[in-house]
Structures are given as C-alpha cells and as structure tokens.
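Respectively, the protein sequence lines represent chains E and L. Each residue of the first sequence is one higher than the last, beginning at 4 in the working numbering. Each residue of the second sequence is one higher than the last, beginning at 4 in the working numbering. Glycine included, each C-beta is placed from N, C-alpha and C at the ideal position. Step one of this worksheet: look at the structure below.
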Amino acid sequence: MELSTNKGPVREKSGRSIDFGFLGPLVMVAVIMGARYLFPDKLAFFTEASIYAIYVMGNNILMGYLGYVSFGQPFYLSTGAYAAAIYFAYLGNSPIVAILLAVAVGLALSAVFGPIFMRLKGNYYTLVNAALCAIGLFTYEKLLIGVTNGNDGLWFRARIAKMPFLDVRLTSNLFLMVCVILALLLFLYRWMDKSALGAVFRATKINSRKAKFLGYNPYAVRIIGFTLATVLSTIAGALFAINYGFVNPNLGENSRSIEVLIATLLGGVGSVYGPVFGAFGFLGIKDIVSRFMSRWEFAVGIITILVLFFFSKGIWGFIRLIGKGVTEKLFRKKTAGSIGKEK
Amino acid sequence: MTDKTKLLEIRDLDVSYGNLAVLFDVSLEVEKGEVVVLVGRNGAGKTTLFRSIAGFLPKRKGSVLFKGENINSKEAYRIAQGGIKYIHQDKQVFSDLTVKENFELSSYATKDYDWDPLFVFFPKLKTLLGRKAGALSGGERQMLLMAMALLGKPDLLLLDEPTEGLAPHVITDLVGVFKEVSKTTTLFIIEQNLPLVAGIADRVYCMREGKIAAEITEHSEIAGISFEKYL
C-alpha cells in the first residue's frame, strides 16, 4: 500500500521512479531454474532446496517478522507431509488435491494451536513447540502406526497421478511445478512484506505494547503470522512428500528443528528473499561438506557462528550491502563526472 | 471553547497492582474541548490512572465512561480504536523504523492517510521522514508520538509528562502545539511543570497518594498553583 500519493507529502512529485521490485520473485526463480540447467545432475538438489525455501519462508515469518523462535517447525512440516501421504496412500492420487489438503491441515493446526501458543512469551513458545514436535513424532511413529506404517514409512509414488497439464511424476516437471509455486509464494511474501501486514508484524515484534497504543491487537497479529508460517510449512511438507514419494517420521524429528533456524539465519532474518538464500546456502553446505565428512553439522556450526558474529543480516543482507556500496560508488562517480562537465 | 459534553467520566475508581492498592475512589471528568491537567508528586498515581483509562491496567472498582460508554472491560487496542490515544512518558517510538514507517503504522491502524495537517503542527517532521526514529531527539520523538496519535482524529489525547526531559525552547514549541491541537482534540495531560500548567490548563486536578486532592477551575488559582499548597 503506497501512502500519500494524493494527499500526503511523502512521495516526491518529480523524479518518480517505477519500482521494479515486483520482478524480484521472478528473477529469483529464473536464477534457480538457470542454475538447474547449468548443473543438470543436481536436479534433485534444486527441487529439494526450492521446497526447503518455502519451509524456511514459514519459519522466517515467526523468527524474522514476529520474533518467535520455534523448535517445533518439523512437526508442522511432517504433518503437511503426512496429510499428503495419507491422501495418496488411501484416498486419492491428485497432487493438487494433496497440496490443497496440506493447506487445509495447516489452517486447522493454526486454528487449534495458534490461539493457545500465541499467548506464550518467547522461551515458552519455543519449548512448547519442541514438546509438540516430540508428541507429533510419537504419534506418527507409534500411535498411528496402522495408518503411517511407523518407521517403515508410507510409500505412494506409484499412486501419484499425472496432472492435466503437467506430469509431476517426472522429476524435471516436479521441479517446474515447485518453481511456479515458489514464485507465486514469493510474490505473496513480498506483498505481505510491503503491505500493512508486514509493517504490523514488525511493529509487534519491536514493541508490542506500543502497537496496542496505536490500536493494533498484537495477539491477533501474532495468530495471523502463526497461521501463515504453519500453512507454508504444511505446503512444503506436501511438496516434500510428492518429491520423495514416501514419508516417514524422520521428517518430524526434534533434532531437525535447528536446521530450519540455521537456514533462516544464514539467509537473512526478516527479509523477503533471505529464506531462498538460506535454504540453498544451508542445503548446499550440507551437500558439499557431507561428501568429505560424515559430521557435516561441524561445518554448519562454524558457518552459523561466523554469520551470527560477522554477517548478522545473512547472505541476502550481505548481497544487499554490497549492492548498495556499488550503487553509491557508481552514483558518486556519475555525480562527480557531471560536476566536472559543468565546470 | 468548552461545549460541556462529558467526554470522559471516572467514578469511584480503585486500581491496584496485585495486592498493592494505588488509586482510591478517584472521580473526575473531562469535557469535550477542554485541556485538563493532572498534577501531583512522583508516586501519586497519575500514570497509573492514565494506564487504567487506556486499558493497560484492570480496574478493581468503579467505572470509566468514555462518551457515555463504560470502557472498564475493553482491551487497550479497542480503547485506542475508540478514540482515546495514550502517549506514554517513556517516549518510545518504533526506533528501528523510519519516521515515515512510524507514520504509516499509525495510518494503517486508523485508515487516516492524510499527513498534511500534522506537518502544519510539526513542520520539522516532514524533513525527518527518512530518519530512523531511534535517532530522533527527545523533542522530535515527542512530536512524532503526538503526530502518530493525532492520525485518525482521536477524541481524547492522554499525554503523560510530555515535556519531561526536554530543552526549554522545545517545551515552548510544544506548548504552542498543545494550544493548536486543543482546538480540535481534547487534551488530558499529566504535567509537573507548573508554570506550563498555568499556561495551558482550563482545569486542573491535583492528585495525592492515589486520591484526587483538589480540583481547580479558577484561572487565577491555576496561575498561582504550587506544590506546597495542593500537593
């Protein structure tokens, strides 16, 4: 929402420039697609990282926009994955229906847990989510073993049907579909960031009481954020399920909750494109390092410490900083040049 | 100036922090168009009263009526939406955001996107739109807070020690702003600067140990107000 175009004095009347920022999501996804063709044998990595980016986007809303750290994101991811898996294994075979089902499950989880969890302050929220994650893991592994097959997992690749316009059973087509979904979600994410909603998220994070003075209900704002984060996680879960063709409880393990937090930090907390860089950065490091050592977490740990101490705005923040420096340098040169000419 | 419509009516209000009672049987009224000032020594319960009116503290007994409606059980954000804006004495703004973004937040909340009238009161803010609010001086923050509060044209502005810690020339500017703002918005102000009170108040309530100790309505008396006499 742009302010004061007519009444307000904010926007300058002259020198109005067009904001090309809306092209960002397209450029981002185009780069991913281009990179996939540069490294054709890495299709699986690009698909997984693109899906992971959606998952990180969800966590970024909690962590970056609302200031909540959750140790329970794998629960929401695995619940989305199981929603799709159970649908494929027992009910139907349409990938679109599976994704929509994951959205519905995400909304249902938000309706149940959002109003309760969003009353909690920072550390309690973190821990209650960790507890939920443990409960979820036990539920999928043991309590629902008749449905989920426990640790053996649910296998359903053969049951996934061809979509009317795209056969997502082919990995290259699935990658394409994931890219389209990622682009769409990035558009919405950017819109959220620029809109009143993004501003209110940040305001609530900075000073919740002050937000109340202005007439905002921080509790309601947090529930909206929680819902968006949960739905993004369940969508990512469903896409993971379609990608792998099976789901087992490992996806929802507590120990994996730290991964999404690191990916969020690595990309740049509270930014629109940070999650994409975080997902690719994190999985890229994991991919490369695990070739040389079994404990890839060692390298990720060192990188996380470096990021926290020296690049607190993450990869995307660093890129922006360099971009800003270059622009300023060019601008200064240009200005100096024009002054010289005038002389 | 006063059209004698009761905007805010507080009746027999008791407020406590847990078991610690702070306000006792507080009753007062603010009429539309007035500038009412609440004075009292530190710890008298002035801020507690404002926090209670604004919905940040529960009332133990009594009632707060705003435009005739009991707002006792309303949440703070509902009270703000209803037309009471509270500017706390800590002068906290969204310091990581720019002045413009602070304005935007207030505009989103009130659906009032017309900033021009505010720049008539606070011309300096127009030049500071791109600056981080955290980098503003105390006086500039106070201006920003007032400007944000005025968006949406609230009926009542609660100002808690707005001149505290400000330089004398900034206070002089603010007094001018209070007078201008009071033409359209009712002001209820906590203030310890008695000469300033004498310059702006239509009516004064004196608070002592959680109770209203006196109400001063005569201008000659307001001009001669002293801590020794009433507080």
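- A straight line joining the alpha-carbon of Y116 (chain L) with that of F91 (chain E) spans about 50 Å.
- Contacts between I209 (chain E) and chain L, judged by CB atoms closer than 9 Å, involve F97, S98, D99, L100 in chain order.
- The Cβ of N220 (chain E) sits closer than 9 Å to at least one Cβ of chain L.
- Close CB contacts of L254 (chain E) within its chain, under the 8 Å cut and outside five residues either way in sequence, are with P77, L80, S81, A84, G240, F243 (chain order).
- Around the beta carbon of I245 (chain E), 16 or more other beta carbons sit within 10 angstroms, so the residue counts as buried.
- By the CB criterion at 9 Å, I64 (chain E) and A232 (chain E) fall inside the cutoff.
- Here T220 (chain L) is exposed: its Cβ has fewer than 16 other Cβ atoms, across all protein chains shown, within 10 Å.
- Between R225 (chain E) and the set E:A202, E:Y247, E:I238, the nearest pair of CA atoms involves E:A202.
- Setting aside the 5 residues that flank it on each side, R54 (chain L) is surrounded in the same chain by L60, each with a C-beta closer than 7 Å to its C-beta; the list follows chain order.
- Around the C-beta of K145 (chain E), fewer than 16 other C-beta atoms lie within 10 Å, and the residue is accordingly described as exposed.
- K88 (chain L) has a beta carbon lying within less than 9 Å of a beta carbon in chain E.
- If you look at E164 (chain L), you'll find it isn't in any beta strand (DSSP E); DSSP assigns it neither H nor E.
- Rounded to the nearest whole angstrom, the C-alpha separation of G320 (chain E) and L140 (chain E) is 35 Å.
- The beta carbons of G58 (chain L) and E37 (chain L) sit no closer together than 9 Å.
- For K208 (chain E), the enclosing alpha helix (DSSP H) covers residues 199-209.
- Residue nearest to S66 (chain L) within the set L:D15, L:F97, L:F27, L:G46 is L:D15 (criterion: CA-CA distance).
- A residue is called buried once 16 or more other Cβ atoms fall within 10 Å of its Cβ, and D196 (chain E) is buried on that count.
- Collapsing the DSSP output to three states places L29 (chain E) in a helix.
- Proximity of chain L to L231 (chain E) at the Cβ level (cut-off 8 Å) is not reached, the minimal Cβ distance being about 17 Å.
- At a cut-off of 9 Å between C-beta atoms, H222 (chain L) does not count as an interface residue with respect to chain E.
- Against chain E, the CB of M210 (chain L) has no partner CB under 9 Å away; the residue lies outside that interface.
- When the beta-carbon positions are compared, A150 (chain L) and L128 (chain L) come within less than 9 Å of each other.
- Around the beta carbon of E194 (chain L), 16 or more other beta carbons sit within 10 angstroms, so the residue counts as buried.
- Rounded to the nearest angstrom, the Cβ distance from Y89 (chain L) to F216 (chain E) is 6 Å, consistent with a contact under 8 Å.
- With respect to the 9 Å criterion, L23 (chain L) and L52 (chain L) are not classified as neighbours on the basis of their beta carbons.
- Within the stretch 101-158 of chain E, the runs of alpha helix (DSSP H) at least 4 residues long that lie entirely inside it are, in chain order, 125-141, 148-151.
- Positions of the alpha helix (DSSP H) runs, each at least 4 residues long and wholly inside the stretch 171-229 of chain L, are given as 171-184, 197-203, 222-226 in order along the chain.
- Counting only Cβ-Cβ distances below 8 Å, M151 (chain L) has contacts in chain E at L217, in chain order.
- With fewer than three CB-CB distances shorter than 8 Å, the stretch 100-112 of chain E does not count as touching the stretch 43-55 of chain E.
- In summary, N105 (chain L) is buried, with 16 or more beta-carbon neighbours lying within 10 Å of its beta-carbon over all protein chains present.
- Against V203 (chain E), the close residues of chain L are L108, Y111, A112, in the order they occur along the chain (beta-carbon pairs closer than 9 Å).
- Listed in chain order, the alpha helix (DSSP H) elements of length 4 or more contained wholly in the stretch 259-291 of chain E are 260-270.
- In the three-state reduction of the DSSP assignment, K45 (chain E) falls in the helix class.
- Taking all protein chains shown into account, R44 (chain L) has fewer than 16 neighbouring C-beta atoms within 10 Å of its C-beta and is therefore exposed.
- Rounded to whole angstroms, the separation of the alpha carbons of R335 (chain E) and G141 (chain L) is 34 Å.
- The C-beta distance from L157 (chain E) to F249 (chain E) rounds to 6 Å, short enough to meet the 8 Å contact threshold.
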